[in-house]
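> Below you'll find the structure I mean.
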Amino acid sequence: MSEVFEGYERQYCEASASLSRKCTAASALDGERKKQKLSEIQSGVEEAESLIRKMDLEARSLQPSIKAGLLAKLREYKSDLNNVKSELKRISAPNARQATREELLESGMADTLAVSTDQRGRLMMTTERLNQSTDRIKESRRTMLETEELGVSILQDLHQQRQSLLHAHTTVRTFARS
Numbered sequence: 107m108s109e110v111f112e113g114y115e116r117q118y119c120e121a122s123a124s125l126s127r128k129c130t131a132a133s134a135l136d137g138e139r140k141k142q143k144l145s146e147i148q149s150g151v152e153e154a155e156s157l158i159r160k161m162d163l164e165a166r167s168l169q170p171s172i173k174a175g176l177l178a179k180l181r182e183y184k185s186d187l188n189n190v191k192s193e194l195k196r197i198s199a200p201n202a203r204q205a206t207r208e209e210l211l212e213s214g215m216a217d218t219l220a221v222s223t224d225q226r227g228r229l230m231m232t233t234e235r236l237n238q239s240t241d242r243i244k245e246s247r248r249t250m251l252e253t254e255e256l257g258v259s260i261l262q263d264l265h266q267q268r269q270s271l272l273h274a275h276t277t278v279r280t281f282a283r284s
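Just so we're aligned, residue 107 is where the sequence shown starts under our numbering, counting upward by one.
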């Protein structure tokens, strides 16, 4: 696994744990202190999103065998972060019923976005494999054409050598008869 990914992962886990603690603390507060804590949580969420994007970029740059496991971890981290966001909205909403309603609506959207992101990733991998296959076919075709040209050249050389040998044979016969 990449050391860079592990560093981002460590930072994310610390940020996630801190966000969970802050959410718990914020739910017990009210007034100005609650607003301040919610602001801290929001900036923490933005930092966690940034770390997830960095981990995603790092994971996609690795070998496919390693990449698959890391992308699965990232899906878990994204789900975890979505839970923190939902908790943040629930805590910050003035009306608990409104927060519950928004949470229900967004959970359907989150599932759709996760599927869409997963499909996009698979599509990108498939496109990359197709591009690699196309490059291999082009290289094979070029090699085949070079081999064909070499074969034609060899046949021409052999034909000339045959003609030279036949001419030499005829000349030797002519001198042998005289």
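From the three backbone atoms N, C-alpha and C, an ideal C-beta is built for every residue, glycine too.
Look at the alpha carbon of Ala124 and the alpha carbon of Glu164, and state the distance between them as a whole number of angstroms.
Here residue 124 refers to the residue found at position 18 of the sequence shown. Here residue 164 refers to the residue found at position 58 of the sequence shown. The amino acid occupying residue 124 in the given sequence is Ser; Ala does not appear at that position. Cα to Cα, Ser124 sits roughly 24 Å from Glu164.
> My guess is that Leu176 and Gln117 are in contact by the Cβ rule of under 8 Å, so how many angstroms apart are they, rounded?
On the sequence shown, position 70 is the one that residue 176 refers to. On the sequence shown, position 11 is the one that residue 117 refers to. At roughly 15 Å, the Cβ-Cβ gap does not stay under 8 Å, so Leu176 and Gln117 are not in contact.
> Do you know offhand how far Val151's Cα is from Gln238's?
Position 45 of the sequence shown, counting from 1, holds the residue named residue 151. Position 132 of the sequence shown, counting from 1, holds the residue named residue 238. Taking the straight line from one Cα to the other gives about 38 Å.
> What residue from Ser149, Glu153, Ala132 has the CA that sits closest to Lys143's CA?
Walking along the sequence shown from the start, residue 143 turns up at place 37. The candidate whose alpha carbon is nearest that of Lys143 is Ala132.
> Exposed or buried, which one is Arg203 when buried takes at least 16 other CB atoms within 10 Å?
For this step, residue 203 is matched to residue 97 along the sequence shown. Caution is warranted here: a pLDDT of 48 is assigned to Arg203, below 50, making its placement in the model unreliable, and no coordinate value can be reported.
> Measuring alpha carbon to alpha carbon, tell me which residue in Lys160, His275, Gln148, Ser284 is nearest Glu115.
Here residue 115 is taken as the residue at index 9 of the sequence shown, counted from 1. Closest by alpha carbon: Lys160.
> Kindly indicate the opening and closing residues of the alpha helix (DSSP H) around Gln169.
One-based indexing of the sequence shown puts residue 169 at position 63. Run containing Gln169: none; DSSP gives neither H nor E here.
> Exposed or buried, which one is Phe111 when buried takes at least 16 other CB atoms within 10 Å?
The residue given as residue 111 occupies position 5 in the sequence shown. With 16 or more other Cβ atoms within 10 Å, it is buried.
> Return yes when the Cβ of Asp162 is within less than 8 Å of the Cβ of Leu180, no when it is not.
The residue you call residue 180 lines up with position 74 of the sequence shown. The residue you call residue 162 lines up with position 56 of the sequence shown. Yes.
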